[in-house]
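A.B. asks: One structure, pasted below without further comment.
Below, the structure written as structure tokens:
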């Protein structure tokens, strides 16, 4: 399993996985709310526009957009977003994975790698993951990794045509002195 920055040349593979998983992911993917009456809507960006935006945010230090590769094949995306510096030093993580490989430990590994990078390389202090309460598979990812549930954010994100509640899970660097990947390996081997 590998995490690497998203690239323009990932377009064909990204679009194929995204298209094939459209129905499976629809309940969880953020959408743009309808514009106020009398205003024109915003067109969905093309893949290249999305990558340009994500890479621009990365260059500005506000985001880390990754693709998730399994055995060399693109199987998902993980984005560290909302990076805030100064007295907060925090970020949030969002992700999706191909249904064909879900449940095989790929996404917990990807989240663990990204958290270690954020804590150990970037020097962030806190990571949040916000998940719809009914998204049990995604909740299991962060629960396996030891994120603590902090509460509910009512009508937090626009998803699948409406404003949806999200559970907040969080972790600080002090909670994983051994590193997140080491913790995940211990969980998988049954040592924790």
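In our numbering, the protein residues as written are 2 to 193. Backbone N, C-alpha and C fix where the C-beta goes; we use that ideal spot for every residue, glycine too.
(1) So what's residue 167 in DSSP terms, helix, strand or just coil?
(2) So what's residue 118 in DSSP terms, helix, strand or just coil?
(3) Mind checking residue 97: buried by the 16 CB within 10 Å criterion, or exposed?
(4) Tell me where the beta strand (DSSP E) around residue 143 begins and ends.
(5) In angstroms with no decimal places, state the Cα-to-Cα distance between residue 32 and residue 131.
(6) Is there contact between the segment 14-23 and the segment 148-159, where contact requires at least three CB pairs shorter than 8 Å?
(7) Could you tell me the alpha carbon to alpha carbon distance between residue 24 and residue 100, rounded to whole angstroms?
(8) Going by CA-CA distance only, name the one from 176, 78, 83, 49 that's closest to residue 22.
(9) Verify whether the separation of the beta carbon atoms of residue 173 and residue 126 is less than 8 Å.
(10) With the cut-off set at 8 Å, would you say residue 165 and residue 141 are in Cβ contact?
(11) Taking the alpha-carbon positions, what's the residue 95 to residue 61 distance?
(12) Which class does residue 97 belong to by DSSP, given the choice of helix, strand or coil?
(13) Please report the straight-line C-alpha distance between residue 119 and residue 5, rounded to a whole angstrom.
(14) Does the Cβ of residue 122 have 16 or more other Cβ atoms within 10 Å, making it buried, or fewer, making it exposed?
(15) Rounded to the nearest angstrom, how far is the Cβ of residue 84 from that of residue 64, given a contact under 8 Å?
(16) I'd like to check one pair, residue 146 with residue 184: are the Cβ atoms closer than 8 Å?
(17) Under 6 Å Cβ to Cβ from residue 29, same chain only, skipping five residues before and after it: list those, please.
(18) When the distance is taken between beta carbons, is residue 181 closer than 8 Å to residue 92?
C.D. replies: According to the data block:
(1) strand
(2) helix
(3) Buried.
(4) Unbroken run through residue 143 is the alpha helix (DSSP H), 137-146; no beta strand (DSSP E).
(5) 15 Å
(6) They do not touch, by the three-pair rule.
(7) Approximately 10 Å, taken between the alpha carbons.
(8) 78
(9) yes
(10) no
(11) 19 Å
(12) strand
(13) Approximately 14 Å, taken between the alpha carbons.
(14) So residue 122 counts as exposed.
(15) With a Cβ gap of about 6 Å, residue 84 and residue 64 count as contacting.
(16) In this structure, residue 184 sits near residue 146, with a CB-CB distance shorter than 8 Å.
(17) 136.
(18) no
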